[in-house]
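Undergrad: This structure is in structure tokens; I'll ask about it shortly.
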Amino acid sequence: MRTEGSEITISSVAVRAKVHRSFIHRHLDLRADVYDAADQPSIAGTATMTTRRSLDADNLNLRATVRRQTQHIADLEARLSELLGEQAYSRTGLGAPHNHAVLEDQNHTLQNEIQELQAKLQDRDEELGAAREANRQLMGQLNKAAAANGSAGQPGGIQRPTRPD
291 MRTEGSEITI
301 SSVAVRAKVH
311 RSFIHRHLDL
321 RADVYDAADQ
331 PSIAGTATMT
341 TRRSLDADNL
351 NLRATVRRQT
361 QHIADLEARL
371 SELLGEQAYS
381 RTGLGAPHNH
391 AVLEDQNHTL
401 QNEIQELQAK
411 LQDRDEELGA
421 AREANRQLMG
431 QLNKAAAANG
441 SAGQPGGIQR
451 PTRPD
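Final position of the sequence shown in the working numbering is 455; the numbers increase by one with none missing.
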């Protein structure tokens with residue numbers, strides 16, 4: 291096979307010897323001889339020399355390339371999916387608005403205003419509470435003065451309703 295320049299593989303040797311490939315694989319010495327013969331240059335001499343080792347190296351390189359390309363494709367698919375999702379959200383109005391930063395600033399300003407108004411409201415509530423207390427004290431003083439004078443029916447005095455017996 292070497293003198294003919296034909297390819298030397300386990301399958302081609304098995305066909306030439308009229309045995310099954312598994313026969314060569316089971317006999318380690320035969321398999322090693324086939325691999326050695328495949329690594330030897332052919333006598334017919336070809337312009338390019340292909341050995342089993344070079345084919346194995348090419349195979350490993352191709353597998354590594356396929357792995358890198360598969361990862362690259364997965365990365366591109368993820369990025370495309372992300373971009374399509376953003377585009378769909380912006381077209382439907384479901385996504386975040388483009389002027390997000392402006393709205394954030396506006397939100398911050400409004401929150402500050404709310405805090406200021408809540409502080410003013412609390413001050414007013416305290417003032418109202420103080421005014422009510424002063425009103426209670428004044429009403430109490432008026433009631434005491436009216437009771438002391440005995441002038442419940444006079445102007446300025448407070449009349450209490452009577453109960454029917």
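For each residue, glycine too, the CB sits at the ideal point set by N, CA and C. Predicted model, so just to flag it, every value in this text is computed and none were measured.
CB H315 to CB R306, shorter than 8 Å?
TA: Taking 8 Å as the Cβ cut-off, H315 and R306 do not qualify as a contacting pair.
Undergrad: For the candidate residues D329, A424, K308, Q359, whose alpha-carbon lies nearest to that of R292?
TA: Of the candidates D329, A424, K308, Q359, the one whose C-alpha sits nearest the C-alpha of R292 is D329.
Undergrad: Just the Cα atoms here: how many angstroms apart are G440 and Q427?
TA: Whole-angstrom Cα-Cα distance: 20 Å.
Undergrad: Excluding the 5 residues flanking A304 on each side, which residues of the same chain have their C-beta closer than 8 Å to its C-beta?
TA: So the qualifying residues of the chain are H310, R311, F313, I314.
Undergrad: Run through DSSP, which three-state label would I298 get?
TA: Looking at I298 - three-state DSSP - the assignment turns out to be coil, as it is neither helix nor strand.
Undergrad: Can you list, in chain order, the residues of its chain whose CB lies under 8 Å from that of I300, leaving out five sequence neighbours each side?
TA: Closer than 8 Å at Cβ, skipping near neighbours: R311, I314, H315, R321, V324.
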